[in-house]
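Right, one structure below, let's go through it.
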Amino acid sequence: MKNSAAKFVLSGMLTCLLAPGLARAQMDSRNFGAPVQAAPIDPRIQAAVQQISPQRIEQDISTLVSFHNRSTLSSNDKDLPAGQGVLAAADWIEAQFRADSAACGGCLEVKRDTFVQAPGSRIAQPTALNNIYAVLRGSDPAQAGRMYLVTGHYDSRDSSNEDTHGAAPGANDDASGVAVSLESARVLSKLHFPATLVFAAVAGEEQGLYGSAHLAKFAKEQGWDLEGVLNNDIVGGNTTPGDTLQNKNVVRVFSEGIPANASEQQLRMIRMLGGESDSPSRELARAIADVDATYFKTSRAGRRPFHPVLVFRLDRYLRGEIIIPSTCRAFRRCDSRNGARTSTINTRMCGWKMACSMAICSSMSILAMSRVSPG
Ligand SMILES: [Zn+2]
Numbered sequence: 133m134k135n136s137a138a139k140f141v142l143s144g145m146l147t148c149l150l151a152p153g154l155a156r157a158q159m160d161s162r163n164f165g166a167p168v169q170a171a172p173i174d175p176r177i178q179a180a181v182q183q184i185s186p187q188r189i190e191q192d193i194s195t196l197v198s199f200h201n202r203s204t205l206s207s208n209d210k211d212l213p214a215g216q217g218v219l220a221a222a223d224w225i226e227a228q229f230r231a232d233s234a235a236c237g238g239c240l241e242v243k244r245d246t247f248v249q250a251p252g253s254r255i256a257q258p259t260a261l262n263n264i265y266a267v268l269r270g271s272d273p274a275q276a277g278r279m280y281l282v283t284g285h286y287d288s289r290d291s292s293n294e295d296t297h298g299a300a301p302g303a304n305d306d307a308s309g310v311a312v313s314l315e316s317a318r319v320l321s322k323l324h325f326p327a328t329l330v331f332a333a334v335a336g337e338e339q340g341l342y343g344s345a346h347l348a349k350f351a352k353e354q355g356w357d358l359e360g361v362l363n364n365d366i367v368g369g370n371t372t373p374g375d376t377l378q379n380k381n382v383v384r385v386f387s388e389g390i391p392a393n394a395s396e397q398q399l400r401m402i403r404m405l406g407g408e409s410d411s412p413s414r415e416l417a418r419a420i421a422d423v424d425a426t427y428f429k430t431s432r433a434g435r436r437p438f439h440p441v442l443v444f445r446l447d448r449y450l451r452g453e454i455i456i457p458s459t460c461r462a463f464r465r466c467d468s469r470n471g472a473r474t475s476t477i478n479t480r481m482c483g484w485k486m487a488c489s490m491a492i493c494s495s496m497s498i499l500a501m502s503r504v505s506p507g
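See the structure below:
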């Protein structure tokens, strides 16, 4: 299971990035109405997928849990034991990205964006936040401006927003998503891609999506041409005892239908053509499913391996206000410059932590890479 999930994660990213022309071939008008054929396996993608380490993902999650409580509000605390709190977690995440960069000859630009969030929802006093991210620049000058972002939030909280000392392990919410960013950076930094990949871990999600909103604002200011945002939140899955609805072989991939930033003219066109399911976000979700078909085949015994389930909603039913990741909401705002180009995918796992994390990671990577591939 772990190996399968890991392969799934990497294969997705690599397929996208390294397999130019495959998607185009499948879109040949002569094939309309015919069953979509799985793309052939790319040995580069397959090799990268093999490098995904379930053990490393588990270690990353365990380390994040060891910070005891990663409440964003703990950055104002003066009495925390050494090695606890959100700042200790930020330091560790930054160190991981820097180690990855050192291993690839400085290929990653590691950034720590520190800013002070003014009081607002669930933040009573000015609070310093840290977004940590690593940029893998595209190797093709003509395409390096195209960007894909993989992100998760590293802050956690317990049932009391103000409690910065009680246990708030947040293994699934969202150490699992951060582990996806870390593992993706570790593996993909060993490769070269024509376009640019960004691996991020943001703070302030539990208080109101502050970290992602800030990153989106920054991206807009910097003119990032984001073609896809892969947001992983709770990809470690629900492990509540007695919950009978868990499925360890499934990752839910949520995608937006009508782009929030669609113009009136675009909305008229969508209505006229019945294009409610043709959005960039939906296409990105389908690309994930295509990659899954290539690298995670059903066994001879008929057992289906780890796979994505496409959910054509922005987020869980009636849960958007709480669950919609800040990257999604924020990047829809910041993307107005590019019309409806940016695709935001939200992933949530139904399964068990390691397999889920790895699967999500791979699917995101696969998607990103296919979209970033030349051509
Ligand atoms: Zn979360």
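Just so you know, the working numbering puts the end of the sequence shown at 507, numbered straight through with nothing missing. Virtual Cβ for every residue (Gly too), placed ideally from N, Cα, C.
- Sequence-distant Cβ neighbours of residue 277 in its own chain, meaning closer than 6 Å and more than five residues away, are 357.
- In this structure, the CA atom of residue 316 is about 31 Å from the CA atom of residue 297.
- At the C-beta level, residue 302 and residue 202 come within 8 Å of one another.
- Under the DSSP assignment, residue 298 falls outside any alpha helix (DSSP H); it carries neither an H nor an E label.
- According to the DSSP assignment, residue 249 belongs to the beta strand (DSSP E) that extends over 240-249.
- Secondary structure of residue 388 (DSSP, three-state): coil.
- Straight across, the Cα-Cα distance linking residue 326 with residue 295 is about 45 Å.
- Bounds of the alpha helix (DSSP H) holding residue 342 are 342-354.
- Annotation for residue 446: no alpha helix (DSSP H) segment contains it, and DSSP assigns it neither H nor E.
- In the DSSP secondary-structure assignment, residue 218 is not bridged to any residue.
- Taking a 10 Å sphere around the C-beta of residue 432, we find fewer than 16 other C-beta atoms and assign the residue as exposed.
- For residue 285, the shortest C-beta to heavy atom distance toward ligand 1 is below 7 Å.
- Straight-line measurement puts the Cα of residue 429 at about 33 Å from the Cα of residue 239.
- Here residue 175 is exposed, its C-beta having fewer than 16 other C-beta atoms within 10 Å.
- For residue 325, the secondary structure class from DSSP, reduced to helix, strand or coil, is coil.
- According to the DSSP assignment, residue 422 belongs to the alpha helix (DSSP H) that extends over 412-427.
- Following the DSSP letters along the chain, one finds residue 376 in no beta strand (DSSP E), marked with neither H nor E.
- Among the bridge pairs identified by DSSP, residue 280 is matched with 329, 360.
- Residue 260 has its alpha-carbon roughly 9 Å from the corresponding atom of residue 250.
- Collapsing the DSSP output to three states places residue 406 in coil.
- Residue selection by CB proximity (closer than 5 Å to any heavy atom of ligand 1) returns 305, 306, 365 in chain order.
- Relative to the Cα of residue 225, the nearest Cα in the group 310, 400, 344, 367 belongs to 310.
- Non-local beta-carbon contacts of residue 299 in its own chain, meaning distances under 8 Å to residues more than five positions away in sequence, involve 200, 201, 290 in chain order.
- Residue 231 has its alpha-carbon roughly 32 Å from the corresponding atom of residue 258.
- Contact between residue 266 and residue 242 holds: their C-beta atoms lie close to 5 Å from each other, under 8 Å.
- With a threshold of 16 other beta carbon atoms within 10 Å, residue 319 meets it and is buried.
- For residue 252, the three-state secondary structure derived from DSSP is strand.
- Residue 268 sits in a strand when the DSSP states are folded into three classes.
- Take residue 170, set aside five residues on each side of it, and the residues of its chain with a beta-carbon closer than 6 Å to its own are 425, 426, in chain order.
- Annotation: the continuous alpha helix (DSSP H) that includes residue 191 extends over 186-197.
- DSSP places residue 440 within a strand segment (E or B) once states are collapsed to three.
- Within the DSSP bridge table, the entry for residue 261 names 247 as partners.
- Going by DSSP, residue 177 is part of the alpha helix (DSSP H) stretching over 175-182.
- Straight across, the Cα-Cα distance linking residue 172 with residue 183 is about 20 Å.
- When rounded, the separation of the alpha-carbon atoms in residue 399 and residue 346 is 28 Å.
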